[in-house]
Amino acid sequence: MADRYLSFTGTAPGRFLTRRLGLPQPTALHRWSAEHPSFTGELLHLGAGKSPLDGPDGLAAVLARTGLAVRARSERPVAVVLDATGVTDIDTLAEVHAALHPVVRSVARSGRVIVLGAPLATADHHQAAVQQALEGFVRSLGKEIGRGITVTLLRLTDANAAESTLRFLLSPKSAYVSGQVIGIGGAEVTAPADWALPLAGRTALVTGAARGIGEAVAATLARDGARVVCLDVPGAAVELESVAGRLGGTALALDITAPDAGARILAALPSDGLDVLVHNAGITRDRRLVNMAAERWSPVLDVNLASVLRTTDALLSAGGLRTGGRIVATASIAGLAGNAGQTNYAASKAGVAGLVRALAPTAAPEHGVTVNAVAPGFIETKMTAAVPLFIREAGRRMNSLGQGGLPVDVAETTAWLAHPASGGVNGQVVRVCGQSLLGA
Ligand SMILES: NC(=O)c1ccc[n+]([C@@H]2O[C@H](COP(=O)([O-])OP(=O)(O)OC[C@H]3O[C@@H](n4cnc5c(N)ncnc54)[C@H](O)[C@@H]3O)[C@@H](O)[C@H]2O)c1
């Protein structure tokens, strides 16, 4: 279901009318396309405090590799990176204000503000306080900055381990990710031979790939060079074959809740195993708890959580995921914030976040695999087209970007988590929600 309001406000009469009526004017976001794969323009690199990321092979070198023109001053930056890893007290926190106050107005439409912070785990409670303060700062700036600009806080200790993340955030691929706090560990990372084809030679399996977000995920991973195995229910076999055929991948018609699903996936994989496992299949059966029969509870928990647990266990225990593998599960902001009428769905999606946080610290050392989740907000798909009109319109607008996301926004975030150089990103639940007010 197209967002007609966004199209209308993109026209001159639409802009005029909505401004006169004081209605929201969402900005059409700059997303990735083959013609415009990256931003062009200047990246304003600012600092606050004495940064531990300085040095010849540090942050400046990584930013220079993004392709943007890095400057210490800029009239119209497409992106601002403020290094606040050296913020340790109230005075250095004031430097964050001093650095950004004069420049926020000049950031280009659909641009980026990225604040870099230090990990919170410090014995110094002054430093912990001002580093935590950055979260309130970033989330507030995301809500007020407007013009389709996103604002993100990255916590890191090693700029090189964060290169895939910085490249993602400093590109049109992250158009709908805002108001997030993302932690990057100091993992050893190897740059891909070709940043444009990071998944070349790798195999990815996407569940629920016949349509919607799953189809976009499969297409995006294929764009990045992966061989894709597209899985969906036998009832969707025709659509599934068509998606897999278009992407040069293979179709696996299988109900993911089948008790032998793990074994059947293993049998369908190439002999060298799998590199990327995307748990995307999901269903809703909404009712308030008072009206929710067990027939509405069980299938939702089975598809969205139990099958994710079962297939993850089956693949990990059989060595089905190769070293350097990536598991990306699909949560939802409804699972993080709660949503009336969705006790079943939110329980399943909160469970996904629990699985990710618990498995990530052991899967990395034991299997060389990272485990993360995407948590979509309101995404324009058949699932949300079925939502009643007024709730749908509220879902679309109640976020900092004033619009719904597209399946490709979740797909791009998944591709970043699946990236071979994203080994430092582990145990994260990243919302793709335009900074939705739900559970913000
Ligand atoms: N659309 C949104 O706004 C939104 C928001 C938050 C989270 N999500 C999550 O994103 C994921 C994809 O959502 P979507 O909007 O593309 O949904 P969709 O309904 O358009 O697609 C889901 C796909 O999963 C498949 N599927 C369902 N049960 C399956 C099973 N047992 N085995 C194999 N495949 C199965 C369906 O056949 C379908 O092709 C889901 O996990 C959903 O909960 C979506």
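Per my numbering: the sequence shown = residues -5 to 434.
The beta-carbon is built from N, C-alpha and C at its ideal position, and this holds for glycine as well.
All values reported here derive from a predicted model rather than from experimental measurement.
### Proximal residues to P228 (C-beta, below 8 Å), its chain only, five neighbours per side dropped
A247, L248, D249
### Task
Indicate, with yes or no, if ligand 1 has a heavy atom lying under 6 Å from the CB of V227.
yes
### Beta-carbon proximity list for A312, same chain, < 6 Å, skipping 5 on both sides
L260
### Query
Can you find a heavy atom of ligand 2 that lies under 6 Å from the Cβ of D(-3)?
As far as ligands go, the structure on display features ligand 1 and does not contain ligand 2.
### Query
Can you tell me the Cα-Cα spacing of R320 and A300, whole angstroms?
19 Å
### Query
Are N338 and V294 touching if we call contact CB-CB under 7 Å?
yes
### Task
Kindly provide the ranges of any beta strand (DSSP E) runs that are 3 or more residues long and lie completely inside the region 40 to 76, ordered along the chain.
63 to 65
### Message
Run through the DSSP bridge pairs and tell me what Q19 is partnered with.
### Response
In the DSSP output, where bridge partners are listed per residue, Q19 has none listed.
### Query
Using CA coordinates, which residue listed in A405, A334, Q397 is at the minimum distance from A369?
A405
### Query
Do A54 and G105 come within 7 Å of each other at the CB atom, strictly closer than that value?
no
### Query
Beta-carbon separation of S172 and G428 under 7 Å?
yes
### Message
Looking at the secondary structure, which residues open and close the alpha helix (DSSP H) in which H120 lies?
### Response
119 to 139
### Query
If we count the other Cβ atoms within 10 Å of its Cβ and call it buried at 16 or more, is G239 buried or exposed?
exposed
### Option nearest T317 by Cα separation, candidates A323, W291, L349, A357
A357
### Task
At 4 residues or longer, and completely inside the region 132 to 211: list those alpha helix (DSSP H) runs for me, N to C.
157 to 163
### Task
May I ask whether a heavy atom of ligand 1 can be found less than 6 Å away from the beta carbon of P253?
no
### Task
Compute the beta-carbon to beta-carbon distance between V109 and A78, rounded to the nearest angstrom, for a pair I have assumed lies under 8 Å.
5 Å
### Task
Taking all protein chains shown into account, decide if F33 is buried (16 or more other Cβ within 10 angstroms of its Cβ) or exposed.
buried
### Query
Does the region 179 to 188 come close enough to the region 372 to 382 to have 3 or more Cβ pairs within less than 8 Å?
no
### Query
Opposite C224 in the DSSP bridges: which residues?
V200, A245
### Task
May I ask you to check if the CB of G202 is nearer than 6 Å to at least one heavy atom of ligand 1?
yes
### Query
If F43 sits next to T82, beta carbons under 8 Å apart, how far is it from one beta carbon to the other, in whole angstroms?
Note that residue 43 is Gly in the sequence shown here, rather than Phe. Contact holds; Cβ gap of about 6 Å.
#### Entry: Simplified DSSP assignment, three categories, for P253
coil
### Task
Identify which residue in A352, A328, D152, L193 has its Cα closest to the Cα of L271.
L193
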